[in-house]
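S.K.: My questions will all concern the structure given below.
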Amino acid sequence: MDVINLKDKKDISLLGIDKSVSFVISENDNASIFIDGLSDDNELNFDVKDGAYLHISFLADKPVKNLKILANVGQNAEIMIHFADFSTDENTANVVINLNKENARATWHLASLASEKDNKHISVSVFHNSPLTFARVDNYGVAKEESKLVFSGTSHILNGSIKSKTEQNAKIMVFDPKSDAVAKPILKIDENDIEASHAAAVGKINDEHLFYLTSRGLSVEDARLLITLGYLKPIFKGFDDDKVERINALIGGRL
Amino acid sequence: MATLKIENLHVEVEGKPILKGVNLSISEGETVALLGPNGHGKSTLLNVIMGHPRYKITEGKIFLDDVDLTNMTTDERARAGLFLALQNPPEVPGVINSDFLRAAVNAKIDEHLSTYKFYKLLDGAVKEVKMPFDLATRALNEGFSGGEKKRNEILQLIMLQPKIAMLDEIDSGLDVDAIQIVADVIKNEKAKGHGFLVISHYARLFDLIQPTRAIVMINGRIVLDGGVELIKRIDKNGYEFIKTELGIEIAKEETNMNTVSIGSCAVREVTKK
């Protein structure tokens, strides 16, 4: 298995390297990296040492089956992940983040687009293994045509992880009558002195929003496009401008 | 000169009749005050004119410049020159206000505005409604106060320059200064010859914008069409005189029980069509 120290790294393509890769960010280091070139059976491990900060922007633009991401976060360390999923076909991803020591933090933001006959299942789980840990998981998706999109995952606050806070948010917009979507976030709480919230919504475009936009002259198609982009675009803030252009082109080609 | 003409309009919602034969004509340059008790069809009328799909026209026609709008879609009516400022503008997450405004402006013209020309137009409109510019760069109405939402409606009005604008309680939620700003914009647009149909429960807005006519809607029909003295009279004495002088019984507003849905764990699922 390749081991990559992320100090001074910026863009990493997984094409042509081992399916399984371990990434390390040393104590008190900072790194912000962009990863693309994901393919079937990638297994990526991230070790965020005490006091370190790691921001990862993933762009998936090809079929990705059986992707596994595991992150271990140390004391006063933070991992922030933006995952732009514009992959196609049948895709599964299983993400596990362990907040192992006090004040470990994790934020996850996913934007996923499923179209045609894509079948995607993305699971994001966070384990609060120590006190004062924080996690926020935001999964946003759009299911079009005959696609299926499933968001799942568990946020688990283990016994003894006092004053930890966990948030889950899953929203999927269902575009067409044959699109299918499921959002099923789960909270497991084994400690009393904590804060936890979760919300999930699966639905079609709000009729009142559509009326509002069309009442200003936008065609129904343009209004739907604008609303859909509004669902996916918040992911942009996790990417540099040149990557945003790539994502924009991917969205434009699929909507 | 553009004229909005409503002929014998009957409308129902989920099988329940709301409008029962509305006749009305508004020309560019006119400002018409639409008055009436709550629940008698004023907002319904404005939404129907704009083509809201919730309402079903069972009889009657809507014309703008002798063009029959009755079967037109909402966006076609907007591009024909109608505008509706909503009583409760929705928050649309993720849709950036300026992106929306640009798409709306460009939808009305053949040759799209350059970035510079659009910015100039937006900047001018923002200044006219005295709105912080950052509101134009945020998600559409998301996190806006009630007053900011109303100013944003007026901002859209300025940018889209409709022939006939309908304002549904544009003054609710506005403080005194903001009402003055909105009134100034309406007066400016009136001076350009644009027509207005304005719903308000308060004489203050009408004092400022000086309507040319006032109409009163009761039980889904327009029962009075007269001068602005009607506004003063209603503001002072309410609608009781309609019953005593015209012999029209004013139906009480129905209050429905709130629909309560018990779900699990904050999960909301909307059934697919």
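Those sequence lines, one after another, are chains R and B. Under my numbering, the first sequence has 1031 at position 63, and the numbering climbs by one with no breaks. Under my numbering, the second sequence has 211 at position 206, and the numbering climbs by one with no breaks. C-beta: ideal position from N, C-alpha, C; glycine also. These numbers come from a predicted model, not from an experiment.
#1: From residue 1010 of chain R to residue 1026 of chain R, what does the alpha carbon distance come to, in whole angstroms?
#2: Given a threshold of 16 other Cβ atoms within 10 Å of its Cβ, counted over all protein chains shown, does residue 57 of chain B qualify as buried or as exposed?
#3: To the nearest whole angstrom, what separates the beta carbons of residue 1013 of chain R and residue 981 of chain R, a pair I think is in contact under 8 angstroms?
#4: Tell me, please, which residues DSSP counts as bridged to residue 979 of chain R.
#5: For the stretch 1161–1184 of chain R, which residues have a beta carbon sitting closer than 9 angstroms to at least one beta carbon of chain B?
#6: In its own chain, which residues sit with a C-beta less than 7 angstroms from the C-beta of residue 974 of chain R, not counting the 5 before and 5 after it?
#7: If we cut at 9 angstroms on Cβ distances, does residue 930 of chain R have a partner in chain B?
#8: Identify each residue in the stretch 88–100 of chain B for which the Cβ-Cβ distance to at least one residue of chain R is less than 8 angstroms, and report them in chain order.
#9: Between residue 10 of chain B and residue 104 of chain B, is the Cβ-Cβ spacing less than 9 angstroms?
#10: List the endpoints of the continuous beta strand (DSSP E) containing residue 30 of chain B.
#11: Just reading off the alpha helix (DSSP H) that residue 1188 of chain R is part of, what are its end residues?
#12: Would you mind sorting residue 215 of chain B into buried or exposed? The rule is 16 or more other CB atoms within 10 Å of its CB.
#13: With distance defined between alpha-carbon atoms, name the residue in R:1067, R:1091 and R:1116 nearest to residue 1102 of chain R.
#14: Output, in sequence order along the chain, the residues in the stretch 1199–1216 of chain R whose CB is closer than 7 angstroms to any CB in chain B.
#15: Are the CB atoms of residue 148 of chain B and residue 1195 of chain R within a distance shorter than 9 angstroms?
#16: Which residue marks the beginning of the alpha helix (DSSP H) containing residue 48 of chain B, and which one marks its end?
#17: Please tell me whether residue 156 of chain B has its Cβ less than 9 angstroms away from any Cβ of chain R.
#18: Residue 168 of chain B CB to nearest chain R CB: under 9 angstroms?
#19: Note down, in chain order, all residues in the stretch 109–132 of chain B with a beta-carbon under 7 angstroms from any beta-carbon belonging to chain R.
#20: Which class does residue 15 of chain B belong to by DSSP, given the choice of helix, strand or coil?
#21: Residues of chain R with CB closer than 7 angstroms to the CB of residue 79 of chain B, please, in chain order.
#22: If the cut is a Cβ gap below 8 angstroms, which residues of chain R does residue 222 of chain B touch?
#23: Does the beta carbon of residue 56 of chain B sit closer than 9 angstroms to a beta carbon anywhere in chain R?
#24: Please report how far the alpha carbon of residue 217 of chain B lies from the alpha carbon of residue 38 of chain B, in whole angstroms.
#25: Does the separation of the CB atoms of residue 90 of chain B and residue 169 of chain B fall below 9 angstroms?
#26: For chain R, find out if any of its Cβ atoms is closer than 9 angstroms to the Cβ of residue 104 of chain B; answer yes or no.
#27: Quick one: does residue 1083 of chain R have its CB under 9 angstroms from some CB of chain B?
#28: Leaving out five residues on either side along the sequence, give the residues of the same chain with a beta carbon under 6 angstroms from the beta carbon of residue 1065 of chain R.
#29: Does the beta carbon of residue 218 of chain B sit closer than 9 angstroms to a beta carbon anywhere in chain R?
#30: Taking only beta-carbon positions, decide if residue 215 of chain B is within less than 9 angstroms of chain R.
#31: Name, going along the chain, the residues of the stretch 998–1011 of chain R whose beta-carbon falls closer than 7 angstroms to a beta-carbon of chain B.
#32: How is residue 1082 of chain R classed by DSSP in three states: helix, strand or coil?
#33: Is residue 102 of chain B closer than 9 angstroms to residue 144 of chain B when the C-beta atoms are compared?
#34: Note down, one range per segment and in chain order, each alpha helix (DSSP H) of at least 4 residues found wholly within the stretch 62–129 of chain B.
#35: Do you know offhand how far residue 122 of chain B's Cα is from residue 1218 of chain R's?
#36: Starting from residue 227 of chain B and walking both ways along the beta strand (DSSP E), at which residues does that stretch end?
M.R.: This is what the structure gives:
#1: 13 angstroms
#2: Counting other Cβ atoms within 10 Å of its Cβ, residue 57 of chain B reaches 16 or more and is therefore classed as buried.
#3: 18 angstroms between Cβ atoms; not a contact.
#4: R:1002
#5: 1165, 1166, 1167, 1168, 1169, 1170, 1171, 1172, 1174, 1175, 1176, 1177, 1178, 1179, 1180, 1181, 1182, 1183 and 1184
#6: 991, 992, 993, 999, 1001 and 1022
#7: As displayed, chain R neither begins before 969 nor continues past 1223, which places residue 930 of chain R out of reach and without an answer.
#8: 88, 89, 91, 94, 95, 97, 98, 99 and 100
#9: no
#10: 21–32
#11: The continuous alpha helix (DSSP H) containing residue 1188 of chain R extends over residues 1188–1200.
#12: Flag for residue 215 of chain B reads exposed.
#13: Of R:1067, R:1091 and R:1116, the residue nearest in Cα terms is R:1067.
#14: Correct list: 1199, 1201 and 1202.
#15: no
#16: Note, residue 48 of chain B: alpha helix (DSSP H), 47–55.
#17: No Cβ of chain R is located within less than 9 angstroms of the beta carbon of residue 156 of chain B.
#18: no
#19: 109, 112 and 113
#20: Note: residue 15 of chain B maps to strand in three-state DSSP.
#21: Near residue 79 of chain B (Cβ distances below 7 angstroms), the residues of chain R are 1179, 1182 and 1183.
#22: Those within 8 angstroms of residue 222 of chain B in chain R number zero; the least Cβ separation is about 21 angstroms.
#23: Between residue 56 of chain B and chain R, the shortest Cβ-Cβ separation is below 9 angstroms.
#24: C-alpha separation (whole angstroms): 8 angstroms.
#25: no
#26: yes
#27: By this cut-off, residue 1083 of chain R is not an interface position.
#28: 1039, 1074 and 1094
#29: no
#30: no
#31: none
#32: strand
#33: Yes; because the gap between Cβ atoms is below 9 angstroms, this pair is in contact.
#34: Counting only runs of 4 or more, we get 79–85 and 102–112.
#35: 29 angstroms
#36: Residues 226–231.
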